[in-house]
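Participant: Let me begin by handing over the structure; questions about it come next.
Residue numbers (the numbering used here), protein chains in the order written: chain A, 56 to 516; chain B, 56 to 516.
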């Protein structure tokens, strides 16, 4: 006989609706934490959560329990072991309940326990980061984080991509100056490795070497940025997904991005249905509509040059942007991106072929000499979700661009060499994992989608 | 009609042996890199690898090619696009070949290309870390790394474990003093976060908070250690897997470790068969026997105290250890561990209940007051593969042990608080991912299982 030991197993049997299966459930043993406990003297109700499922299970106990007095005083948060009888309750609020035969105390709760049955603000919960995963909202967030991680691995592995752990300790960076430095001795910071050491801001440079061996590869790991910004989207430590594909151009890249985004949304809807429903009900009531729209709408493409014309036209017609000086060569701001995806495209939109001056040195120069084969994916409600490009595979052009960017040729010679040792056209993209999490949950602060967020001035726990 | 665009797809169709399927393959287009190219004037053979599969595909071309002269001079490493006809060759060395219709150059190779058709030493290949994934050995290693990563995720996710990204920037550590320090300004190292910042050596402390919300959780991410050691097993940056399970004791922990190790070995044998065969033939001819033995032998258990008696007896009977002073309380050396697992248990062996003095403060004190509920899994050929323990869930005892370890109570109060807010018995373990990789491949230097290894004094690329 199959054993049912978790709340998830019980819900799944019941949701699956297999009567034969359910008939087998009789006595159950559960362990978990009390969410609420109320008792009227003769009958008591405990909402128990064991962490395996978003929903609680209702325990019903009576004064016949040996330790009834004790049990009736168990506080929210108490860890208990339960034995009881599983009973379907087709007319109840819950589909089933457990008629308790015994309850044993596993771990008591001090009355100072800060999580009580009331709404706590996100700001307050950040101050108890070690406890907030126990709340409904953060339980949903961090399970989604796990489910989305798996979605990413399955998406790439199913297609034969090789997962590469690019190094975090590095001497090079392609992501600007806001980098953390690492040392064992601050007075002599180069003493351990013999050279200046940074925390990586991207695995792309390194993973390109692996694309030249395995064709299709991806990274998924932590990255770091030491910007002194305290906005809702900045974190000092965050996770990135960076696929790199060989024998591929910008169109191949965009096809992969579209597949990936749609796959991940579907995967989360399928594998975290209770959590997604919760987000839609409590966090962002437009969430499901937004996500369903994205998975059902082919992604559009628009040249950067056309985007600029459209924005100019919008300004002329009276649309107000904070930055209304629209000119070719500018970097698009979030307000511009959202206008393009929400008002113009009314759905997911790739902007392609950006001016080379505002993009990175490694992006492939187009024949016009002015633009590079880059794409940003914009989505309604958020703006930029993914950034990608075809990479510059021509040795001489890449070298010139690196010189123009004042990069150390010595440090990057191996990267350049990938272009003269059987190089090929290749492309890749980056997804900020937390950005994706915010998009999928409706949570609007990066601090609330990271287990223990690190931001400028804040590193608690 | 299905498209066959990669070498893997062709091999899988042929290996699967579906004649109808194979009949559908006619014209194919491939892209890849030349491994070898030989031409006798009228007929030429190219071994092509496209990174998707461990084996090469044979291209056969004749002097009828428009660019025959050019093609016949393509060097090892050249990237090409190929069109041709798929032909089964049941009597050939390969099961099939491609009769070339056209070859186009995608990327040439400079004659200085350091990878030629000959054996290169591991030491030499470390000096060309950006190219070594293209060699057979490192291609096999880094695909196995990807496959093993996925094995770990599937093992835990299939059982409902929640994947937690514990932070790498941290103010606390439970793994000793050899930690890297992080700052934006070495003259004022606390300026960014307002406190001293380390790179994490373990996610365990943080993930315990999540086990108290989700019951079953795991981490899988980078960790750091700044030991000034240059041995074949030390790296400054490496990956760790750290599961943590609530409502679980040491026996549950060991059952999970055994399941995990066996699952991962089976998964790699199934999903990287060519690579595993290669390791067995070229790297360690005892590999398959060793792994098959492990997956077919129930893991044994032995008390530390008994292990000491057995080692004493062995010394008495003339067995030579480098460290032959065996006494209760000592930390077992690798030679002792290997004797126990290879000679005594002749298979995987858990040593349990170690003296508390040689184990970490967070391990649960046994009733004897002398030992803790810890387990190390020893396996033949390697010694320690996994270390785990039941955690101390009793507030007062944990607090006392932390005081004895001179830990800052202020920094760890939140960790202690997990014990007074509905704590429960729980356990967990850690697997060094690179150690596991070495075990599964027979590769005996950690530098050769990491994409871009970082070790004391070495941070190239």
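We put the CB at the ideal spot given by N, CA and C, even for glycine.
Within the continuous beta strand (DSSP E) that includes residue 268 (chain A), where are the two ends?
Facilitator: Segment 259 to 269 is the alpha helix (DSSP H) holding residue 268 (chain A); no beta strand (DSSP E) there.
Participant: Residue 406 (chain B) and residue 359 (chain B): beta carbons closer than 8 Å?
Facilitator: yes
Participant: Label residue 153 (chain B) either buried or exposed according to how many other C-beta atoms from any shown protein chain fall within 10 Å of its C-beta, with 16 as the threshold for buried.
Facilitator: Looking at its Cβ environment, which holds 16 or more other Cβ atoms inside 10 Å, residue 153 (chain B) is buried.
Participant: Please report the distance separating the alpha-carbon of residue 375 (chain A) from that of residue 366 (chain A).
Facilitator: 10 Å
Participant: Per DSSP, what are the beta-bridge partners of residue 134 (chain B) in this structure?
Facilitator: B:88 and B:162
Participant: Just the Cα atoms here: how many angstroms apart are residue 307 (chain B) and residue 417 (chain B)?
Facilitator: A straight line joining the alpha-carbon of residue 307 (chain B) with that of residue 417 (chain B) spans about 18 Å.
Participant: What does the Cβ neighbour count give for residue 159 (chain B), buried or exposed, with the cut at 16 atoms within 10 Å?
Facilitator: exposed
Participant: Which residues mark the beginning and the end of the alpha helix (DSSP H) in which residue 207 (chain A) is found?
Facilitator: 191 to 213
Participant: Quick one: is residue 490 (chain B) near chain A, going by C-beta distance under 8 Å?
Facilitator: no
Participant: For residue 294 (chain B) and residue 220 (chain A), which I take to be in contact (beta-carbon distance under 8 Å), what is that distance rounded to the nearest angstrom?
Facilitator: 6 Å
Participant: Along chain A, which residues have their Cβ under 8 Å away from the Cβ of residue 196 (chain B)?
Facilitator: None at all; the shortest Cβ gap to chain A is about 11 Å.
Participant: From B:395, B:386 and B:78, pick the residue whose C-alpha is nearest to that of residue 369 (chain B); which is it?
Facilitator: For the options B:395, B:386 and B:78, the alpha carbon positioned closest to that of residue 369 (chain B) is the one of B:395.
Participant: For the pair the region 207 to 214 of chain A and the region 311 to 325 of chain A, tell me if three or more CB-CB distances fall below 8 Å.
Facilitator: yes
Participant: Could you give the first and the last residue of the continuous alpha helix (DSSP H) run that contains residue 369 (chain B)?
Facilitator: 359 to 371
Participant: Report the rounded CA-to-CA distance for residue 555 (chain A) versus residue 432 (chain A), giving the unit in angstroms.
Facilitator: Nothing about residue 555 (chain A) can be read from this structure; chain A reaches only from 56 to 516.
Participant: Starting from residue 217 (chain A), find everything on chain B with Cβ-Cβ shorter than 7 Å and list it in chain order.
Facilitator: 197, 198 and 201
Participant: Evaluate residue 93 (chain B) with the Cβ neighbour count: other Cβ atoms within 10 Å of its Cβ, from every protein chain shown; 16 or more gives buried, anything less gives exposed.
Facilitator: exposed
Participant: Let's see if you can read the secondary structure: which residues bound the alpha helix (DSSP H) around residue 434 (chain B)?
Facilitator: First-last for residue 434 (chain B): 426 to 434, but that is the beta strand (DSSP E), not the alpha helix (DSSP H).
Participant: Consult DSSP for residue 56 (chain B) and reduce its assignment to one of helix, strand or coil.
Facilitator: At residue 56 (chain B), the pLDDT of 44 sits below 50, so the modelled position is not reliable; the number obtained from the coordinates is stated separately. Reduced to three states, the DSSP call for residue 56 (chain B) is coil.
Participant: Please list the residues of the region 281 to 315 of chain B that have a C-beta atom closer than 8 Å to any C-beta atom in chain A, keeping them in chain order.
Facilitator: 281, 283, 291, 292, 294, 301 and 302
Participant: Can you confirm whether residue 509 (chain B), when its beta carbon is compared against all beta carbons of chain A, has any partner nearer than 8 Å?
Facilitator: So, interface residue.
Participant: Determine, using beta carbons only, whether residue 493 (chain B) comes closer than 8 Å to chain A.
Facilitator: No, residue 493 (chain B) does not count as interfacial toward chain A.
Participant: I want to see whether chain B comes within less than 8 Å of residue 457 (chain A), judged by CB atoms only; does it?
Facilitator: no
Participant: Enumerate in chain order the residues of its own chain whose CB-to-CB distance from residue 124 (chain B) is below 7 Å, with the five nearest sequence positions on each side excluded.
Facilitator: Cβ neighbours of residue 124 (chain B) beyond the five flanking positions: none.
Participant: On a CA-only basis, which of A:266, A:240 and A:166 is nearest residue 473 (chain A)? Give me that one, please.
Facilitator: A:266
Participant: Measure how close the beta-carbons of residue 98 (chain B) and residue 129 (chain B) come, nearest whole angstrom, since I'm counting them as under 8 Å.
Facilitator: With 8 Å as the limit, residue 98 (chain B) and residue 129 (chain B) do not qualify as a contact, their Cβ atoms being about 15 Å apart.
Participant: Using Cβ-Cβ distances below 8 Å, what residues of the region 464 to 491 of chain A are close to chain D?
Facilitator: In the displayed structure, chain D is absent; the protein chains listed are A and B.
Participant: Pick from A:514, A:199 and A:506: whose alpha carbon is nearest that of residue 186 (chain A)?
Facilitator: Each of A:514, A:199 and A:506 was checked against the Cα of residue 186 (chain A), and the nearest Cα belongs to A:506.
Participant: Which residues of chain A have a Cβ atom closer than 9 Å to the Cβ of residue 514 (chain B), listed in chain order?
Facilitator: Simply 222, 224, 225, 226, 247, 248, 249, 250 and 252.
Participant: Between the region 107 to 141 of chain A and chain B, which residues of the former have CB atoms less than 8 Å from a CB of the latter, in chain order?
Facilitator: 107, 132, 133, 134 and 136
Participant: Quick one: Cα of residue 172 (chain B) to Cα of residue 131 (chain B), how far?
Facilitator: 8 Å
Participant: For residue 332 (chain A), which of helix, strand or coil comes out of DSSP?
Facilitator: helix
Participant: Between the Cα of residue 117 (chain B) and those of B:164, B:157, B:133 and B:243, spot the shortest distance and give me the residue it belongs to.
Facilitator: B:157
Participant: Residues of chain A with CB closer than 7 Å to the CB of residue 59 (chain B), please, in chain order.
Facilitator: Those within 7 Å of residue 59 (chain B) in chain A number zero; the least Cβ separation is about 13 Å.
Participant: For the alpha helix (DSSP H) containing residue 255 (chain A), name the first residue and the last one.
Facilitator: Neither: residue 255 (chain A) is in no alpha helix (DSSP H) and is coded neither H nor E.
Participant: Would you give the residue range spanned by the beta strand (DSSP E) that residue 511 (chain B) belongs to?
Facilitator: Element bounds for residue 511 (chain B): n/a, residue is neither H nor E.
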